Amino acid sequence: MTLSKDKIVRMMDFFVKESGLGLSIVSGYPKLLLLSLEKTIIPRYSVIIVLMSRELLNGDVNFYTICHLKEEKFLEKYVIKYQLEILRCNLFNNFPLLTYWSKKDLAKNKLMD
């Protein structure tokens, strides 16, 4: 698989300027460049940032590991697991990925179980 110059520039821009994760994440985990910025990296980063800002995650979070989780596992571990806290904090009004979740059948089926 080849990477376009445009994709590399957009990815680096996100990791350096927007997320603040820096170049070290890409140099340490170059496989991140193979993932979709719009479909995987930004949505998952947004979920993790909100959970961390509410102090719902303990310890260090390995962003590479989070990005490489299968979709079902990510939803189970970071979305469904914290659904009550998200509702309690009324985060659905400003939670960045409500639309991301609503596209996922798993989240639709399990979120309100």
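For the working numbering, count along the sequence shown from 1 and bump the result up by 837. C-beta: ideal position from N, C-alpha, C; glycine also. Every value quoted in this text rests on a predicted model; they were computed, and no experiment measured them.
- Here residue 856 carries a coil assignment [DSSP, helix/strand/coil].
- In terms of CA proximity to residue 895, 919 leads the group 865, 919, 844, 863.
- By the neighbour-count criterion, in which a residue is buried when 16 or more other Cβ atoms sit within 10 angstroms of its Cβ, residue 867 is exposed.
- In the three-state reduction of the DSSP assignment, residue 865 falls in the helix class.
- Between the C-alpha atoms of residue 845 and residue 872 there is a straight-line separation of about 11 Å.
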